[in-house]
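Residue numbers (my numbering): 423 to 986.
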């Protein structure tokens with residue numbers, strides 16, 4: 423059928439089953455927004471900033487497993503979106519971001535709101551396009567969704583000049599995607615899988631190292647079964663929280679810079695690392711030369727470029743982690759005796775009893791760790807937990823009882839302050855049956871606080887819980903520990919009244935300083951089911967511990983800090 427480029431965009435979204443789009447209009451993408459005005463088959467959520475639109479699409483994608491979609495205009499509309507693109511790229515989030523561009527005749531003339539969007543996005547997208555002819559739009563958009571969702575997922579950027587959105591051309595979405603240079607390997611090599619199982623059977627201290635790719639691949643159930651069948655303990659990365667479920671006896675906890683003593687010591691003492699969809703990030707490995715230095719390595723990943731990139735893999739397996747684990751499950755019961763690893767489990771139990779993950783109560787101020795635990799006690803599996811970036815993020819990863827995949831939504835690789843609130847809006851849109859909580863700090867919340875208006879307008883009742891310590895807490899912690907307490911530009915003692923801010927946008931606010939007040943505020947916010955901000959006055963100088971200093975070895979953790 424012959425339709426305009428703008429109509430093609432809408433028709434492609436319909437063909438892909440897209441029901442929710444986040445965005446912000448402007449001149450270069452106005453033709454597409456004119457078509458959106460005529461639609462009834464999907465919801466467009468107008469954020470108040472383009473960065474927030476991308477983060478909301480990320481949150482939607484993370485909680486649903488679907489491709490997130492966002493739209494922005496040219497120039498500053500797109501540059502505002504770049505942080506979100508980079509964030510999604512680092513965390514392998516499947517997204518399609520459509521941007522408007524100035525007309526073809528003006529490209530390269532420094533026209534009003536012109537920017538080289540494709541050039542800028544090249545380093546922070548899985549793939550990108552500049553569409554110069556409307557007859558290419560159906561193919562490009564279909565390829566964009568295919569590339570975003572297959573292989574190692576990631577954001578794809580499609581830049582469309584304004585005159586292309588006005589062109590009339592033939593639209594045929596039935597043609598299959600044919601990309602000669604893009605054919606991800608999804609089925610692992612059977613011989614390599616057999617060798618990996620034999621290596622596990624011969625090991626005495628094997629350890630499952632679970633990465634965020636397990637969540638992306640919807641492979642958590644299979645991974646839990648594999649751990650159970652083999653009787654092997656597991657550690658989760660920050661991005662993999664919820665994979666095993668907090669009550670699983672084989673889960674040690676999170677490992678890495680702020681991982682538990684037991685998890686980091688297990689990784690240091692293991693003789694075989696079984697890395698499933700993990701990328702050996704520096705926040706996990708610490709000093710590379712000391713990381714699991716006496717262990718062999720099995721590395722399963724959909725992205726061949728990730729294997730042996732940082733740590734040499736003795737048993738490399740390229741493939742979709744779900745498919746590979748299913749193949750391992752067929753072999754494991756015949757080859758592996760789980761009783762063999764009981765002494766290893768006892769050793770790990772000893773590590774945990776030596777230095778359990780804990781904190782010290784304070785009679786004067788609420789401890790932030792208690793707040794996280796209390797949210798878990800009151801809401802548990804009934805909540806999806808988003809976070810911003812900082813101390814509150816690490817405490818959430820450490821102390822919340824995550825029971826399922828896609829329950830924890832946070833910015834991992836890029837560490838983007840301002841991510842949490844718009845992401846929680848996307849989470850609520852994608853999973854309306856669960857309470858959407860954003861755990862944030864008094865620094866992070868101000869970075870996208872304008873999204874209170876978005877949440878109120880679209881009746882997406884996100885509850886923001888601010889762990890307010892009047893500091894940029896994580897930077898302050900590093901300054902305390904490594905810069906002789908020179909707290910340069912991290913004091914946030916001058917603050918807005920968060921209760922009045924929430925009320926000014928049409929939400930509800932609470933200021934709490936006792937445990938009783940917190941319980942009452944959270945219960946009231948959940949019951950009223952409205953946009954809320956709970957400003958929790960927490961212990962100001964609390965540190966996130968354990969902590970592996972940057973560049974240090976996992977086994978050299980700071981377990982406590984005593985101010986002299």
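Beta carbons are placed, not taken as given, at the ideal position from N, Cα and C, and that holds for glycine.
C-beta contact flag for residue i and residue j at 8 angstroms
i	j	result
residue 856	residue 883	no
residue 719	residue 940	no
residue 889	residue 970	no
residue 530	residue 496	no
residue 440	residue 491	yes
residue 845	residue 831	yes
residue 506	residue 458	no
residue 696	residue 628	yes
residue 758	residue 636	no
residue 402	residue 854	Because the chain in this structure spans residues 423 to 986, residue 402 falls outside the shown range and cannot be described.
residue 599	residue 549	no
residue 702	residue 733	yes
residue 516	residue 489	yes
Rounded Cβ spacing between residue i and residue j (contact assumed at less than 8 angstroms)
i	j	result
residue 603	residue 742	About 19 angstroms; that fails the 8 angstroms criterion.
residue 706	residue 677	6 angstroms
residue 922	residue 931	7 angstroms
residue 990	residue 430	Nothing can be reported for residue 990: it is not among the residues displayed for the chain, which extend from 423 to 986.
residue 894	residue 865	5 angstroms
residue 541	residue 828	No, residue 541 and residue 828 are not in contact; Cβ-Cβ is about 34 angstroms, not under 8 angstroms.
residue 833	residue 509	5 angstroms
residue 848	residue 481	3 angstroms
residue 744	residue 618	Actually they do not touch by this definition, with Cβ atoms about 16 angstroms apart.
Residues bridged to residue i [DSSP beta-bridge criterion]
i	result
residue 931	955
residue 530	In the DSSP output, where bridge partners are listed per residue, residue 530 has none listed.
residue 580	520 and 551
residue 466	443
residue 721	697 and 738
residue 543	Looking at the DSSP assignment, residue 543 forms no beta bridge with any residue, so it has no partner.
residue 980	969
residue 913	893
residue 830	807
residue 960	788
residue 857	805
residue 494	521
residue 863	889
residue 424	592
Boundaries (first-last residue) of the beta strand (DSSP E) holding residue i
i	result
residue 498	Run containing residue 498: none in the beta strand (DSSP E); it sits in the alpha helix (DSSP H), 498-512.
residue 437	Unbroken run through residue 437 is the alpha helix (DSSP H), 427-437; no beta strand (DSSP E).
residue 809	805-809
residue 590	590-592
residue 628	628-632
residue 658	656-658
residue 674	673-676
Alpha-carbon to alpha-carbon, residue j and residue i
i	j	result
residue 448	residue 456	11 angstroms
residue 563	residue 463	18 angstroms
residue 886	residue 935	16 angstroms
residue 908	residue 835	27 angstroms
residue 737	residue 906	45 angstroms
residue 479	residue 582	19 angstroms
residue 961	residue 426	58 angstroms
residue 809	residue 842	5 angstroms
residue 445	residue 874	15 angstroms
residue 653	residue 616	18 angstroms
residue 755	residue 571	32 angstroms
residue 892	residue 620	54 angstroms
residue 868	residue 840	7 angstroms
residue 578	residue 711	35 angstroms
residue 528	residue 535	11 angstroms
residue 986	residue 573	Unreliable positioning characterises residue 986 in this predicted model, as indicated by a pLDDT of 48, which lies under 50. A coordinate reading is not provided.
residue 942	residue 956	11 angstroms
residue 774	residue 938	31 angstroms
residue 823	residue 704	25 angstroms
residue 520	residue 435	11 angstroms
Segment limits, alpha helix (DSSP H) that includes residue i
i	result
residue 647	642-652
residue 404	Because the chain spans 423 through 986 in this model, residue 404 falls outside it and cannot be assessed.
residue 684	683-691
residue 483	472-486
residue 661	From DSSP, residue 661 is part of no alpha helix (DSSP H); its letter is neither H nor E.
residue 847	842-852
residue 567	559-571
residue 926	920-926
residue 575	That residue, residue 575, is in no alpha helix (DSSP H); it is neither H nor E in DSSP.
residue 769	764-776
residue 637	635-638
residue 816	813-821
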